[in-house]
Structures are given as C-alpha cells and as structure tokens.
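Okay, so here's the structure we're looking at.
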Amino acid sequence: MALEENNLIMADADARADVVDDPKIKKPHKSAVGIEGATRGMYFGVREFGVLNLLDLNRHNGVKCPGCAWPNPSAGKGGFVDFCENGAKAVAEESTARRCTPDFFAEHPFAELRDRTDYELSHEGRLTAPVIKRPGSDHYEPITWEAAFDAIGDQLKKLDPNECAFYTSGRTCNETAYMFQVLAKRLGTNNLPDCSNMCHEASGKALIPTLGLGKGSVTLEDFANADLVITLGQNPGTNHPRQLGSFAACKENGGKIVVINPLPEAGLRKFRDPQTVNGLIGTGTPIADEFYQIRLDGDLAFFQAVNQELIKRDALDHEFLDKYTTGQEEVIEHLKNVDPDMVRKATGLPDESIQRVADLVEKANGVIVCWALGATQHKNSVETLQEIVNMLLLTGNIGKPGAGTCPVRGHSNVQGDRTMGVWEEPPESLCAALEKEFQFPIPREHGWNVVETGKAIRDGRCKFFMQMGGNFLRAASDTAVLEKHFPELEMTVHVSTKLNRSHIYPGKTSIILPTLTRSDAFYYGNEQQCVTTEDSMGYVTASYGKRRALDHLLSETYILGEIGHRIGGENCWRQMGRSTKEIRRRIENTIPGFENFEQRLTEPNGLILPNGPRERKFTTKDGKAHLTINNIEPLECPPGHVLLQTLRSHDQYNTTIYALSDRYRGIKKGRRVVLINEEDIKELGFQPGDVVDLYSDWDGTTRYAPNFRLVPYNTPRQCAAAYMPEANVLIALDNECKVSQTPVMKSVLVYMKPAKNSGEGGEKE
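Counting from 1, position 608 in the sequence shown corresponds to residue 605 in the working numbering; the numbering is continuous, with no gaps.
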C-alpha cells in the first residue's frame, strides 16, 4: 500500500525505486527526426509486425494512427508514408506478438506485480482472456465473457448510479465513446471523467465562452498561409512529429515562427523531414526564428505585455473589433495598466522580447497560436489561453486564412470523445436528443471529471469504477492517494489491451476485459466493421483494422452492448454492439454535424465538422466573440525550492513507456532524473549527478518521490522538469486549475534532499 507516515505520502511505484538510474548523459539534439528518427520508427514497427502494416497507417481505408491527433494531409497531398517515429511505436505497442495470458496472473500475485515498473508491466504483451479478482483474493483468475458481463450488470444494479464512474481514454474511437456515455446516462449518471480533463480541459473552458467552440479554428492549409506562428508549451518533435511538417510549410512560404518554452526542444529548433533529400542528408529546415526561454507559468504575463504593447501602438483591427466582438473597451483599459516589473519577474524575459513579438504580430497578415500542455496545466491556464484569444481578437486574427487558434491535442481521438458526449457537463441539447432517440430518461445533473472522480474515490463516495482503455491510476495526480483507496472500491472494470498499473490495484472485485485495438480487424458476419476518429482540426475519418491475430477477442462496442443489455434490456444495445454502422446512424440522429455520416465517410477526406470561429460565426449567447479581463497572480518560488514541470520522454506516449531513453534531450537508459539549471544545483548545495529525493507540501501533508538524479540542463533558474508518471505522486488532487480543474502538472513547488535510501543499478530494457 501507499506509505503514509508522519504525513509523508509515497507511492508504491516509488517505494520500490530503491535502485538508482544511472543514465548516460549526452548533449541534447539540435534537430528532430532525420534519418535517425525514420530508422528508429521503422525499427519499432518492423520488429513487431512488419513494414507493410506501417504503409497502411493514416491512409484512406487504412488504420488511423493511435498516437497523436495531428491531422492527415488532404487526399493526394501526403508523402510516400504518413506516419512518424512515435506513431510507429504506438502501433508496434498494440501489435506486439507478446501475450499476457491467464497463466501469467495465476503465477504472479499483486504484491509481486507491484514490484514491477510501468515499462515491465506493459511488456508482458497483449491480454488474451477475461479475468476476475474475487473478494479476498490476491490474484486474477479466468472468467467467461458471459459471467463477467453478468457480474458487472449485477453490481451496477445494486449501486446508486452516482456512486459509479466511467473513465474514457483518448484512444477510444467515436463509436465506443458514444456508446459509453449513453451507457452511463442509461444507468442514471453523468460521472464521465475523461483524459481530456487532465490535458486540454483548460482550452475548452477558455474557448467556449470567448469564441463559442472549444476546438481550434485553423486547418493544415492555414500554416502555409500564415505570416507568423507562435507556439508555446509544446514539444512537437516527440509528441506531434507530423506537426513539424506544417511548421516547415510556414517557413517555406516566408512565414516566421516564435517559440515560447522553458526548454529548447530539438523539434522546435530544426526539422529534418525524412521524406526529402534535405531532411535525410542535408541541413533540414530551421524552425524557431525567435526562441524565448520563459519561466514556468509566465505565459499569461507575457501575452498581457504583448497586448499592452499592441494597444500602445494602436496596432488593432478596429473594424473587426467593432463588428464581431464585445468587451473591448474594458479589456483595453485593463491592459493599459499591466505592470512591466511584474511581467519581467513572472517571465524572466527582457522587455525587448515583448517588443520583438509585438513587432512580428503587428506586421503579420495572419497569426496562428499553437499550444499544448505546457500552457494548459497551470493554476491560471484558462486565463492564459483567454489572453491569447484577446491578442488574436484585438488584431483580427480569427476566421481568415493563415490565422487562428490551434490547441494541439495529444491522444488520437480525445477531441472526438467530447464531440460524442463524453462530458460530465452535457448540454441540454444533447440530453434532449438522446432522450428522443433512445426513449429512456437522460440525467441532467452534472457529474464528476477526473479530479472529482479521484476525490470521490479518496473520500469513499465512489463505489464502482470502469475505464475504457487508459491507465487512470498513473495518468492522474496524487498516485499514492489513489493507490491507497482504489482497493476500497466495490468493483473496478478495465477494458484494456495490455497490462498496466491500474490493474494491480483492484477493487474488492475487479474484472479485466481484453479487447481489440484499432489495428485489429473485426467483423459482423462477413462485413468488416470500421470505426472513426476526429483529429485536432475537426476532420472525422474511418479506420479499418488489418490484423487478425486475436480474433477471439471482443470489440469495445460488443462489450458495451452486452453490459448495456444487462442494465437496460433494450434491443438497441446488442444492435449497436454488433454493428458500428448502427452506432453511426444514432450519432447522425443526435450529434450536430454528422448528417449523411455513412456516405460522407467514404470520401477521401472524411467529413469536416462545423467550426463557427473558422468562418467568423461565434456561437456565444450574443453571437459575439468575447474579450476577457484576466488577472495575473505571480507564482512565488521561495528559496530552497524549484518549480517542477512533468513531461514525457521521447520513448513514451502518455503513461505507456516504450523504452527508457529520451534521445532528443540526451538521456540514455534512465527515467528517474531531474532536468535542472546547473546554477540551481549549486545553490541548493548539490553537485551534478547527485541523487536526491523530491518533496512537495500541500495542506499539511508532504508528498515524496525518491531517488532522482540531477542532470544539468538548459532551463530557466528555479524551473526544473521530471518525467510523468513517476513524478505524479508529488501533485495533490486538490492542486488544480481554478477554472478547469486540470491537475497543476507544469508548476509544482518542490524541494529536494539527499537521497536517504539508494542503491546501485536501475531499470533494464
């Protein structure tokens, strides 16, 4: 169990880290991809399933990559292949020939499995049969599909619906997500936590009240037409490699790119496109024209200062403001009073950086702003993003070619899940449409998001937890608290493809239902079923699995159909469970924008969902875009502390660890590291390479993560970085964005002490 002694909280995953990683440290890369990235991606893919399957990735009638949500080029505009290194890794991970059978669980009780790392658990391979952990048992044992469905249905009927939570991973396809949220509503709850609550919830909370739509407004074509792209809080070389092609298109057409980030990531410096001669053997395309190494949580102050400068110059689009917006007078007056001293303190940047960015914005005919989790996982993230919207509105850079908002979503269908109704705050229009379609009552009361679900588990208010994919225990904050309270749940249910840490902290009863992946083919009769996903820019396309290696497994939709039939009894459940076309018919009837869904899906580019801001149609209550007043609350970092951001390595996708290195940052075979300014290392009384324990204080308790090696790195003073999920234990559930309730994972106040219990060696690949 999680350790909790003298208010010291430490996770099991860390309690077993009594040996220290000793990675080889090299200089960080100065460019991303190139021949090394291409061969590395091919190595992962071919090792597991062969080159021909890679050629199907992101092709019409092929497999939609389960990695990131960056869009595909329009039909006929892609390269010879349309996948990246990490896309190949993602498909290799789910297409592995390794198998995790019931015999494995019979041989390994939970106590033994908890000694294993995330990497080791995942590498046991694909799950092959349903298993159950019964009350009092210390391991999983086989169960039939029918008995598993009966047990789940019986448990759900015993509980108050609002004691149940249904969690969705961003890899879930549209059809599954739609059925999942209808299942929860049929039971009588909107407790629908979703992985988006932990990443881009702040984007939605910022964009809906200001522009009327919680999605970005740009398309891929806009990048080639943009005079200026500003990107902040992202690492595309690792997390969205195909985005680098869009950045290169901007540069090739004479555009400028400004990068605002604490770390000088390789992909933000130079892109070597492996599909061009220049990328393979030449110098590649420089990305950042300007790089501003901002302090953690300094973005709001930065954009307020830029907006203040634009107002001073009267570099505003008054015609656009008068016609399309409201709130301009109050916001302009507020921004005139921004304190330059406070801006310098919050950003760590000189005044010249503000002047230079204002120069570029003023001269540009089209400005795009891209952001990812480095902008969305702070306490003030909603205000930061609304200030970015202010800049775009003040200068008329919404709803015209080469301009607009670009929240860069992480997982491949995380945006589609929300479109399908996976939301704890469903709008009345959706509830009414579902009620009409399915002819059963739909609850209106708002439910739990991820943080609220974590608190409900902690406080004993949640009794049943079901996750559709994902690894909630490791993705969410406060790992140790969740480890302690997960086993108190009456039942946990996991629809999964591979073993992960959430499985080995089971409820009193726990069931694992193995399922097919997007790469796997599945059929209804003789007809192959396709599924659909929505990318970051609102394009919905079909995905057809190709592999037949695990035909005995059931699809996610079939599983939900059987559970739904047991709790509701309506014919619709098995109809949807056996035919994704039937699900899409009901989506068409209830979700706006999906008219003629099946027919439009056959088109090479799929269907494009409505996007009002793209056309200067703002679906707010008054039909106007709203400028907002946002107040800065500088984040203090007292002596002896640093601000810590969690991030992913290059050999990682969310909580899935492919390997133990971070090639672009120069880290080889080691994950328990802290990237930190060398001057901070000295000031804190340590030496480079020392091993330390990390601590964070919150509400009378201290969270603890042991045995992290200090790696000198080019990062602002008092700003450090460590990998998730290892560092998630340091983030309290109550440490959340004040509007979106996103966990504050990018500005955690921590301190460190010499490691008190370290050994030699480390995790092995």
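Cβ atoms here follow ideal geometry from the backbone N, Cα and C, with glycine treated the same way.
Please read all numbers here as calculations on a predicted model, not as lab measurements.
Nearest residue (CA-CA) to His136, options Lys578, Gly565, Leu641 and His500: His500
Nearest-angstrom Cα separation, counted from Ala263 out to Leu49: Note that Leu49 scores 47 on pLDDT, short of 50, meaning its location in the model is unreliable; the coordinates nonetheless yield the value given after this. Spanning the two alpha carbons is a distance of roughly 30 Å.
Cβ-based burial, Lys154 [other Cβ within 10 Å; buried from 16]: exposed
Contacting residues, own chain, Cβ-Cβ under 6 Å from Leu598 (five flanking each side not counted): Ala539
Alpha carbon of Phe244 to alpha carbon of Ile284, nearest angstrom: 7 Å
Opening and closing residue of the beta strand (DSSP E) in which Ala719 lies: Cys716 to Tyr720
Of the residues Arg441, Asp112, Phe146 and Ala302, the one placed nearest Tyr555, counting alpha carbons only: Phe146
His482, buried or exposed, once every other Cβ within 10 Å from all chains shown has been counted against 16: buried
Cut-off 7 Å between Cβ atoms - residues of its own chain near Asn55, not counting five sequence neighbours on either side: Lys61, Cys62, Asn69, Asp79 and Phe80
For Trp695: DSSP bridge partner residues: Thr698
Under the three-state DSSP convention, the category Gly47 falls into: With a pLDDT of 48 at Gly47, under the threshold of 50, the modelled position of this residue cannot be trusted, and the question is left open.
C-alpha gap between Tyr690 and Leu727, whole angstroms: The question names Tyr, but residue 690 in the sequence shown is Asp. Going from the Cα of Asp690 to the Cα of Leu727 covers about 11 Å.
N- and C-terminal bounds of the alpha helix (DSSP H) containing Gln290: Premise fails: Gln290 is in no alpha helix (DSSP H) and is neither H nor E.
Close beta carbons around Ser516, own chain, < 7 Å, minus the five adjacent residues each side: Val60, Val88, Glu91, Ser92, Gly542, Lys543 and Arg544
Touching by the beta-carbon criterion (3+ pairs, under 8 Å), the region 744 to 752 and the region 452 to 469: no
Cβ contact (3+ pairs, closer than 8 Å) linking the region 195 to 213 and the region 479 to 498: no
Cβ-based burial, Glu82 [other Cβ within 10 Å; buried from 16]: buried
Minimum length 4: unbroken alpha helix (DSSP H) runs contained in the region 295 to 354: 296 to 310, 315 to 321, 325 to 332 and 337 to 344
Contacting residues, own chain, Cβ-Cβ under 6 Å from Gly590 (five flanking each side not counted): Leu606 and Pro607
Helix, strand or coil at Asp677 according to DSSP, with G and I counted as helix: helix
Residue from Asn377, Ile257 and Lys320 with nearest C-alpha to Gln738: Asn377
Cutoff 6 Å; reference Leu513; Cβ partners in own chain excluding five residues on either side: Phe519, Leu550 and Ser552
Test item: CB-CB of Val745 and Cys734 under 8 Å: no
Thr577, enclosing alpha helix (DSSP H) - first and last residue: Thr577 to Thr587
Neighbourhood of Gly637 by C-beta, 6 Å cutoff - its chain only, sequence neighbours within 5 removed: Tyr748
Cβ shell of Gly565 (< 6 Å), same chain only, five flanking positions each side left out: Arg183
Distance between Pro206 and Gly609 (C-alpha atoms, nearest Å): 13 Å
Opening and closing residue of the alpha helix (DSSP H) in which Arg563 lies: Glu553 to Ile564
Length of the line joining the Cα atoms of Asp53 and Gly393: 40 Å
Cβ neighbours of Gly561 in the same chain (closer than 6 Å, five flanking residues each side left out): Leu180 and Trp570
Backbone secondary structure at Thr489 - three-state DSSP: strand
Short Cβ contact (8 Å threshold) for Asn236 with Glu442: no
Given 8 Å, three or more beta-carbon pairs between the region 417 to 432 and the region 629 to 646: no
Segments of 3+ residues assigned as beta strand (DSSP E) that fall wholly inside the region 491 to 556: 506 to 511, 528 to 531 and 536 to 540
Rounded straight-line distance, which links the Cα of Lys253 to that of Thr282: 12 Å
Member of Ala223, Arg406 and Tyr710 whose CA lies at the smallest distance from the CA of Glu531: Arg406
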